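Visitor: Okay, here's the structure, questions in a sec.
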Amino acid sequence: SGLERELLLQINKLKIGPMGLGGKTTALAVNIEAYPTHIAGLPVAVNISCHALRSATAVL
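Okay, so the sequence shown: first residue is 5 according to my numbering, each after it adds one.
Right under this line is the structure:
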């Protein structure tokens with residue numbers, strides 16, 4: 005849908021990159037599904053990697 009494409013473009017403009025280390029591709033896809041549900045059973049999923057995978061070090 006148009007909303008999925010727009011969100012994907014905006015997310016990738018953030019330039020967070022894989023594992024939060026920078027880069028031009030942060031997300032490969034955005035999928036939105038809509039179903040009727042009671043607010044108490046509202047399903048939400050957010051998938052991120054652990055902190056160890058999102059940090060970097062360098063020796064100068």
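Note that beta-carbon positions come from the ideal geometry of N, C-alpha and C, so glycine has one too. Given the structure is predicted, the values throughout are model-derived calculations rather than measurements.
#1: Between L67 and I36, how many whole angstroms is the CB-CB distance? I'm expecting something under 8 Å.
#2: What is the DSSP secondary structure of E37, reduced to helix, strand or coil?
#3: Whole angstroms are fine: how far does the CA of T61 sit from the CA of V48?
#4: G21 to G27, Cα distance in whole Å?
#5: Which two residues bound the contiguous alpha helix (DSSP H) that contains L13?
Guide: According to the structure shown:
#1: As shown, the chain starts at 5 and ends at 64. That puts residue 67 outside it, with no answer to give.
#2: As a working note, residue 37 is residue 33 in the sequence shown. Correct three-state label for E37: coil.
#3: As a position in the sequence shown, residue 48 is number 44, starting the count at 1. As a position in the sequence shown, residue 61 is number 57, starting the count at 1. Looking at the two C-alpha atoms, the distance is approximately 33 Å.
#4: Within the sequence shown, numbered from 1, the residue matching residue 21 stands at position 17. Within the sequence shown, numbered from 1, the residue matching residue 27 stands at position 23. Computed Cα separation, rounded: 4 Å.
#5: Mapped onto the sequence shown, residue 13 falls at position 9. Counting along the chain, the alpha helix (DSSP H) containing L13 begins and ends at 6-17.
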